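Numbering (the UniProt record's numbering), first residue to last: 1 to 363. Working notes for the structure below.
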């Protein structure tokens with residue numbers, strides 16, 4: 001797709017309409033999946049609602065901007081009279097669009113992180129991954145608040161310049177803020193995308209299933225591509241500084257930025273719903289999947305405790321070499337559970353062989 005095509009009003013209208021419709025469908029399917037699995041609706045599910053509402057608001061601002069020919073049209077085609085007439089509504093539309101889009105991007109990231117916490121983190125245990133996810137959640141919240149604040153005060157004390165059309169005169173910190181927001185947004189997207197790979201690799205299942213699960217999560221990489229494209233465009237505009245209003249076709253550049261922003265938000269909303277929907281169509285109940293993940297974490301903890309107990313017994317033997325049987329006395333106590341025969345590993349949910357085995361036992 002050429003830059004002229006992606007900056008056209010038809011392209012903006014099409015990508016916003018299609019992704020908004022698909023987002024509504026996938027979110028509805030996710031809630032249906034929770035109902036079918038009789039699983040509770042948790043924070044990761046409810047965060048999709050403000051994400052969808054703010055995304056719909058972003059699309060509404062885009063459609064209004066197309067209506068007044070601010071988005072999707074070349075700045076060179078505008079007359080001075082038309083530019084003066086649309087200056088204030090254009091500034092108000094861009095302000096609302098920026099605030100709503102940052103909120104939507106933040107809610108999408110938070111929903112993904114809370115989904116990781118729901119699936120991969122053991123309740124009541126301060127596992128390393130749990131701490132990492134919680135730290136990431138706090139980081140995203142701070143990111144949202146920071147850039148909402150920066151947008152509101154990018155014109156310094158001339159706050160009215162945000163909506164009265166005098167932004168080019170007073171909003172001197174606009175471009176550094178835009179560039180830093182684009183860079184930090186890309187880094188957060190990349191971090192959120194990589195987080196689930198390690199716990200998925202630790203699952204007790206076949207390699208093919210691991211790649212299948214990772215593939216579902218990595219569908220969000222399409223949004224990463226949009227984030228990269230948007231970052232490149234931000235750099236181009238930022239290099240023009242305040243003179244970008246005069247030296248480049250700002251209308252086309254702004255339309256291209258909006259195209260990739262809508263693509264990033266829409267694809268992100270759809271992608272974070274796919275794992276839950278995929279579990280339904282693959283006949284994998286999240287609670288069973290959750291137990292599989294928790295069993296891996298429990299085995300890691302058990303092995304760590306066994307290693308510590310073994311080291312303690314070795315030190316006890318070294319201190320009291322004259323008592324040959326005393327070193328094995330603790331086995332009758334708390335350490336006895338580590339010497340119980342291991343049970344056969346549980347089959348992965350949805351495995352055909354496990355279903356057949358259950359059928360034979362019932363027979």
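Glycine included, each C-beta is placed from N, C-alpha and C at the ideal position. Quick caveat, the model's predicted, so the values are computed rather than measured.
Hey, residue 23 and residue 55 are a contact pair by Cβ (cut 8 Å); roughly how many whole angstroms apart? The residue labelled residue 23 in the question sits at position 23 within the chain shown. The residue labelled residue 55 in the question sits at position 55 within the chain shown. Confirmed, Cβ separation roughly 6 Å.
Could you give the first and the last residue of the continuous alpha helix (DSSP H) run that contains residue 13? For the purposes of this step, residue 13 is taken as residue 13 along the chain shown, with counting starting at 1. Note, residue 13: alpha helix (DSSP H), 9–36.
Any 3 or more C-beta pairs closer than 8 Å across the segment 221–231 and the segment 30–43: No: the two stretches stay apart, fewer than three of their Cβ pairs being nearer than 8 Å.
If distances are taken between C-alpha atoms only, which option among 277, 105, 261 comes closest to residue 142? As a working note, residue 142 is residue 142 in the chain shown. Nearest in C-alpha terms to residue 142, of all of 277, 105, 261, is 105.
Between the Cα of residue 84 and those of 98, 68, 95, spot the shortest distance and give me the residue it belongs to. One-based indexing of the chain shown puts residue 84 at position 84. Ranking the options by Cα distance to residue 84, first place goes to 68.
Let me make sure I understand the geometry here. Which of 164, 211, 12 has the alpha-carbon closest to that of residue 201? Counted from its first residue, the chain shown places residue 201 at position 201. Selected option, being the one with the closest Cα: 211.
Between the beta-carbon of residue 82 and the beta-carbon of residue 163, is there less than 7 Å? Within the chain shown, the letter at position 82 stands for residue 82. Within the chain shown, the letter at position 163 stands for residue 163. No, the Cβ-Cβ distance between residue 82 and residue 163 is not below 7 Å.
Within a Cβ cutoff of 7 Å, which residues of the same chain sit near residue 44, ignoring the five residues on either side of it in sequence? For the purposes of this step, residue 44 is taken as the residue at position 44 of the chain shown. Excluding positions up to five away in sequence, the list reads 111, 114, 115, 118.
Kindly examine the ligand FAD and report whether one of its heavy atoms sits closer than 6 Å to the Cβ of residue 36. Ligands are entirely absent from the displayed structure, and the ligand FAD is therefore not among its contents.
How many angstroms separate the CA atom of residue 136 from the CA atom of residue 29? As a first step, residue 136 is located in the chain shown; it is residue number 136 there, counting from the start. As a first step, residue 29 is located in the chain shown; it is residue number 29 there, counting from the start. C-alpha separation (whole angstroms): 27 Å.
Given a threshold of 16 other Cβ atoms within 10 Å of its Cβ, counted over all protein chains shown, does residue 207 qualify as buried or as exposed? As a first step, residue 207 must be located in the chain shown, where it is residue number 207. Exposed: under 16 other Cβ atoms inside 10 Å.
Member of 178, 41, 233, 73 whose CA lies at the smallest distance from the CA of residue 11: Counted from its first residue, the chain shown places residue 11 at position 11. Per the C-alpha coordinates, the member of 178, 41, 233, 73 positioned closest to residue 11 is 73.
What is the rounded straight-line gap between the Cα of residue 63 and the Cα of residue 250? By one-based count along the chain shown, residue 63 stands at place 63. By one-based count along the chain shown, residue 250 stands at place 250. The alpha-carbon of residue 63 is positioned some 18 Å away from that of residue 250.
What residue range does the alpha helix (DSSP H) around residue 72 cover? What you label residue 72 is simply residue 72 of the chain shown in a count that begins at 1. Looking at the DSSP string, residue 72 is not in any alpha helix (DSSP H), and its letter there is neither H nor E.
My understanding is that residue 196 touches residue 107, with C-beta atoms under 8 Å, so please give their C-beta distance in whole angstroms. One-based indexing of the chain shown puts residue 196 at position 196. One-based indexing of the chain shown puts residue 107 at position 107. The Cβ separation is near 18 Å, so there is no contact.
Compute the beta-carbon to beta-carbon distance between residue 404 and residue 259, rounded to the nearest angstrom, for a pair I have assumed lies under 8 Å. This structure cannot settle anything about residue 404, because the visible part of the chain is limited to 1 through 363.
Is it right to say residue 160 is buried, meaning 16 or more other beta carbons lie within 10 angstroms of its own, or is it exposed? By 1-based counting over the chain shown, the position of residue 160 is 160. When all chains shown are included, residue 160 counts as exposed.
Have a look at 48, 188, 40 and flag the residue whose alpha-carbon is nearest the alpha-carbon of residue 144. As a first step, residue 144 is located in the chain shown; it is residue number 144 there, counting from the start. Residue 144 has its Cα closest to that of 188, out of 48, 188, 40.
Evaluate residue 268 with the Cβ neighbour count: other Cβ atoms within 10 Å of its Cβ, from every protein chain shown; 16 or more gives buried, anything less gives exposed. Along the chain shown, read from residue 1 onward, the residue named residue 268 stands at position 268. When all chains shown are included, residue 268 counts as buried.
Can you have a look at residue 109 and say buried or exposed, based on whether 16 or more other CB atoms are within 10 angstroms of its CB? Along the chain shown, one-based indexing puts residue 109 at 109. Counting Cβ neighbours within 10 Å, residue 109 comes out buried, since at least 16 surround it.
Once you ignore the five residues that flank residue 214 on each side, which residues in its own chain have a CB closer than 7 Å to its CB? Along the chain shown, one-based indexing puts residue 214 at 214. Hits under 7 Å: 197, 200.
If we count the other Cβ atoms within 10 Å of its Cβ and call it buried at 16 or more, is residue 128 buried or exposed? Counting from 1 along the chain shown, the entry for residue 128 is found at position 128. It counts as exposed.
Could you have a look at residue 225 and say whether DSSP puts it in helix, strand or coil? Residue 225 sits at position 225 when you count from the first residue of the chain shown. Residue 225 falls in the helix class under three-state DSSP.
Leaving out five residues on either side along the sequence, give the residues of the same chain with a beta carbon under 8 Å from the beta carbon of residue 149. Looking up residue 149 in the chain shown gives position 149. Beyond the five residues adjoining it in sequence on each side, residue 149 comes within less than 8 Å, by CB distance, of no other residue in the same chain.
Can you tell me whether residue 337 is buried or exposed, with buried defined as 16 or more other CB within 10 angstroms of its CB? The sequence position of residue 337 within the chain shown is 337, counting from 1. Only weak support exists for where residue 337 lies, its pLDDT of 42 falling under 50; the value from the coordinates is given anyway. Burial state of residue 337 is exposed, judged by a 10 Å Cβ sphere holding fewer than 16 other Cβ atoms.
Below-7 Å beta-carbon distance, residue 205 vs any chain C residue: The chain labelled as chain C is not found in the depicted structure, where only one protein chain is given.
Return the first residue and the last residue of the alpha helix (DSSP H) that residue 164 is part of. Residue 164 sits at position 164 when you count from the first residue of the chain shown. Under the DSSP assignment, residue 164 falls outside any alpha helix (DSSP H); it carries neither an H nor an E label.
Here's the rule: buried if 16 or more other CB atoms are within 10 angstroms of the residue's CB, otherwise exposed. What is residue 140? Counted from its first residue, the chain shown places residue 140 at position 140. Counting Cβ neighbours within 10 Å, residue 140 comes out buried, since at least 16 surround it.
If you draw a straight line from the C-alpha of residue 296 to the C-alpha of residue 204, how long is it? Reading the chain shown from its first residue, position 296 is the one you call residue 296. Reading the chain shown from its first residue, position 204 is the one you call residue 204. A caution first: residue 296 carries a pLDDT of 45, below 50, which makes its placement in the model unreliable, though a value can still be read off. When rounded, the distance between both Cα atoms is 7 Å.
So, at 6 Å on beta carbons, what are the nonlocal neighbours of residue 9 in its own chain, with the 5 sequence-adjacent residues on each side left out? Taking the first residue of the chain shown as 1, we reach residue 9 at position 9. These residues qualify, in order along the chain: 66, 72.
Beta-carbon contacts of residue 38 that lie in its chain and below 7 Å, excluding the five residues immediately before and after: As a working note, residue 38 is residue 38 in the chain shown. Within its own chain, no residue has a Cβ closer than 7 Å to the Cβ of residue 38 once the five positions on either side in sequence are excluded.
Contact defined as beta carbons within less than 8 Å: I believe residue 371 pairs with residue 170. What is the distance between those atoms, to the nearest angstrom? This structure cannot speak to residue 371, because the chain is shown only from 1 to 363.
Nearest CA to the CA of residue 273: which residue from 61, 236, 218? As a working mapping, residue 273 is identified with position 273 in the chain shown. In terms of Cα proximity to residue 273, the closest of 61, 236, 218 is 218.
Comparing alpha-carbon positions, which option in 17, 138, 25, 182 lies nearest residue 98? For the purposes of this step, residue 98 is identified with residue 98 of the chain shown, where counting begins at 1. Comparing Cα-Cα distances from residue 98 to each of 17, 138, 25, 182, the minimum goes to 182.
Do you know offhand how far residue 40's Cα is from residue 253's? Your numbering for residue 40 matches position 40 in the chain shown. Your numbering for residue 253 matches position 253 in the chain shown. Each residue's alpha carbon lies about 44 Å from the other.
Should residue 19 go down as buried or exposed, given a rule of 16 or more other Cβ atoms within 10 Å for buried? Residue 19 sits at position 19 when you count from the first residue of the chain shown. In summary, residue 19 is buried, with 16 or more beta-carbon neighbours lying within 10 Å of its beta-carbon over all protein chains present.
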